[in-house]
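**Student:** In full-length UniProt numbering, the protein residues as written are 1 to 377.
1) Once DSSP output is grouped into helix, strand and coil, what is the label at residue 265?
2) Going by the CB atoms, is the gap between residue 281 and residue 199 shorter than 8 Å?
3) Is it right to say residue 13 is buried, meaning 16 or more other beta carbons lie within 10 angstroms of its own, or is it exposed?
4) Helix, strand or coil for residue 104? Go by DSSP, reduced to three states.
5) For residue 60, which option in 71, 96, 41 has the closest C-alpha, if you only look at C-alpha atoms?
6) Going by the CB atoms, is the gap between residue 113 and residue 140 shorter than 8 Å?
7) Would you identify the three-state DSSP class for residue 329, choosing helix, strand or coil?
8) Between the alpha carbons of residue 225 and residue 31, how many angstroms are there, rounded?
9) Helix, strand or coil for residue 152 per DSSP?
10) Tell me the DSSP secondary structure of residue 66 in three-state form.
11) Identify whether residue 158 lies in helix, strand or coil by the three-state DSSP scheme.
12) Hey, how far is the Cα of residue 39 from the Cα of residue 322?
13) On the DSSP letters alone, give me the boundaries of the alpha helix (DSSP H) that residue 121 sits inside.
14) Thinking C-alpha only, which one of 89, 71, 161, 88 is nearest residue 107?
15) By Cβ distance, which residues of its chain are closer than 6 Å to residue 378, with the 5 residues on each side in sequence left out?
16) Using a threshold of 8 Å, state whether the C-beta atoms of residue 128 and residue 37 are closer than that.
17) Say yes only if the C-beta of residue 80 is nearer than 7 Å to one or more non-hydrogen atoms of the ligand COA, and no if none qualify.
18) Indicate whether the contact test is met: 3 or more Cβ pairs, each with one atom in the segment 220-235 and one in the segment 298-308, closer than 8 Å.
19) Under DSSP, the alpha helix (DSSP H) around residue 39 begins and ends at which residues?
20) Determine the closest residue to residue 312 out of 100, 45, 290, 348, with distance taken between C-alpha atoms.
21) Shortest alpha-carbon distance to residue 240 belongs to which of 89, 181, 157, 309?
22) With residue 274 as the anchor, note down where its alpha helix (DSSP H) starts and where it stops.
23) Determine the contact status of residue 223 and residue 196, defining contact as a CB-CB distance below 8 Å.
24) Using the Cα positions of residue 86 and residue 71, report the straight-line distance between them to the nearest angstrom.
25) When you compare each of 187, 263, 54, 221 to residue 125 by their alpha carbons, which one comes out closest?
26) Would you please state the rounded distance, in angstroms, between the beta carbons of residue 315 and residue 242? I believe it to be under 8 Å.
27) Count Cβ pairs between the segment 261-273 and the segment 150-165 that sit closer than 8 Å; are there 3 or more?
28) Can you list, in chain order, the residues of its chain with a C-beta nearer than 7 Å to that of residue 48? Leave out the 5 residues immediately preceding and following it.
29) Skipping 5 residues on each side, what residues in its chain have a beta carbon closer than 7 Å to that of residue 191?
30) Expressed to the nearest angstrom, what Euclidean distance is found between the alpha-carbon atoms of residue 45 and residue 207?
31) Smallest Cα separation from residue 118: which of 186, 18, 205?
32) Give me the residue from 92, 76, 214 with the minimum Cα distance to residue 58.
33) Given that a residue counts as buried once 16 or more other Cβ atoms are within 10 Å of its Cβ, and exposed if not, what is residue 348?
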C-alpha cells in the first residue's frame, strides 16, 4: 500500500469557469412552481452540527456497518483468500473511498450551484440556486466530519468524477451546468446515498445520507423544472449536443465508479478487482438505482429523442423510463422525515431517562438527610 495514498487532501484544483455572470432587471419573473420550490428550500434548512448524533461511536473496523454483500469483491475466490485482518482493511478503505467521492462530489455541486446563481437568466432560479449553495456547503461540512472524525481515511477525487465535473463547470452554457449537476451528478449522489440510507447498519451513516437525500431530491426537481421548458425550445442540432453530453456522462457513470484507485492502493491486483466489482451485486444495485434516477429525469426534460432512447437501450436501462421520478423523490422526503422523527423520539427518551435518574438521586439524598435529622444525638 502506498504510504501517502490515504492522507488528507491538500492544495487546490483550478477549473476555468465558462459563461458570463448575468444580471436581470425583471425582479417579478418566475413561475409559481419555481417560487414554491424556493420556499421549500428555505424552510427545509437544517444544521449538520445539531441534527446528527456526532457523539455516536462507529465500529473502527467497519465504520459504515457495511454488509459484506456490498463489498464489491465479496463472495469471490480473491475474497475467500483474504484473512480477516485484510477484510477489515477492505471495509475501512471502501468506506474511505466512497465518502471521499461523496465529499469531492458535494464540493463540485457547491461550485456548480454558485455558478448557476451567476449564469442562469431568471431571478427565481437564482433565488433557488442560492438555497442550494447553502445545502451543498452543509453536505461538504457533514461528509468531511464523517471522514475526518469517524472513518479516518481519505482518497483523492476519482478520474471519472473529476472529468465529469470539469466538463460541467467549464462549459459556458448555463443549461449544461444544470444538466451535468442536477441530472447526472445528482443522479450519482441519489443512487449512492440511497444505498447508504437503506443498506448500511450504522445509524449515523443512515441518518446523514437520509437528510442529504432529502435536499438532493429538491435539487433534482429544480433541474427538471428549469430544463423542461428550455429544451422544448431548442433546435435539433442543439438537442443533439445535449444528448451527446448526457450519453457520454451515462457511460462514465456506469463504468468509471468501481474504485480503481482504491484497488491500486490496496495492491490486490487492480484490474481483477475492477472486473470483479463491475460484476458484483453491489454494483448492479448501484447502477439500478443510478438509472432509476437519471432516465426518468431525461424523459421529463424532453431530452428523450430516438437517439437518446437508442443509447439508453444499448446501456440496458431504457426500461427505467417508466419509473415515476417525482414519486421516488417524494419517498426520499418521507423516509428522511421518518428517520428525523425516530431520532428525536430516541433523544427525548434519553433526556427523560437522565432527568429521572437525577430526580431519583435527589430523592435518595433527601431521604438520607431526613434520617440523619431523626437519628438520636
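Using N, Cα and C, we set each Cβ at its ideal position, and we do this for glycine too.
**Tutor:** Looking at the coordinates:
1) DSSP, reduced to helix, strand and coil, places residue 265 within a helical segment of the structure shown.
2) Cβ distance not < 8 Å, so residue 199 and residue 281 don't count as in contact.
3) Exposed, because fewer than 16 other Cβ atoms sit within 10 Å of the Cβ of residue 13.
4) Note: residue 104 maps to helix in three-state DSSP.
5) Ranking the options by Cα distance to residue 60, first place goes to 96.
6) No; because the gap between Cβ atoms is not below 8 Å, this pair is not in contact.
7) In the three-state reduction of the DSSP assignment, residue 329 falls in the helix class.
8) Spanning the two alpha carbons is a distance of roughly 10 Å.
9) Note: residue 152 maps to coil in three-state DSSP.
10) Residue state, collapsed to three classes: coil.
11) Residue 158 falls in the coil class under three-state DSSP.
12) When rounded, the distance between both Cα atoms is 29 Å.
13) From DSSP, residue 121 is part of no alpha helix (DSSP H); its letter is neither H nor E.
14) Of the candidates 89, 71, 161, 88, the one whose C-alpha sits nearest the C-alpha of residue 107 is 161.
15) The chain is shown from 1 up to 377; residue 378 falls before or after that span and cannot be answered.
16) The Cβ-Cβ distance between residue 128 and residue 37 falls below 8 Å.
17) For the ligand COA, the structure offers nothing, since it holds no ligand at all.
18) Cβ pair count under 8 Å is three or more, so yes.
19) That run of the alpha helix (DSSP H) goes 32-43.
20) Measuring from the Cα of residue 312, the nearest candidate turns out to be 290.
21) Closest option to residue 240, judged by alpha-carbon separation, among 89, 181, 157, 309: 309.
22) Start and end: 270-278.
23) Not closer than 8 Å, so no.
24) About 13 Å.
25) When each option's Cα is compared against that of residue 125, the closest is 221.
26) Actually they are not in contact, since the Cβ atoms of residue 315 and residue 242 sit about 17 Å apart, beyond 8 Å.
27) Flag = yes, the segment 261-273 and the segment 150-165 touch.
28) Excluding sequence neighbours, residue 48 sits near 138, 141, 142.
29) Around residue 191: 286, 289, 290, 293.
30) It is roughly 15 Å from the alpha-carbon of residue 45 to the alpha-carbon of residue 207.
31) Of the candidates 186, 18, 205, the residue whose Cα lies closest to the Cα of residue 118 is 18.
32) Among 92, 76, 214, the Cα nearest to that of residue 58 belongs to 92.
33) The residue in question, residue 348, is exposed, as its Cβ has fewer than 16 Cβ neighbours within 10 Å.
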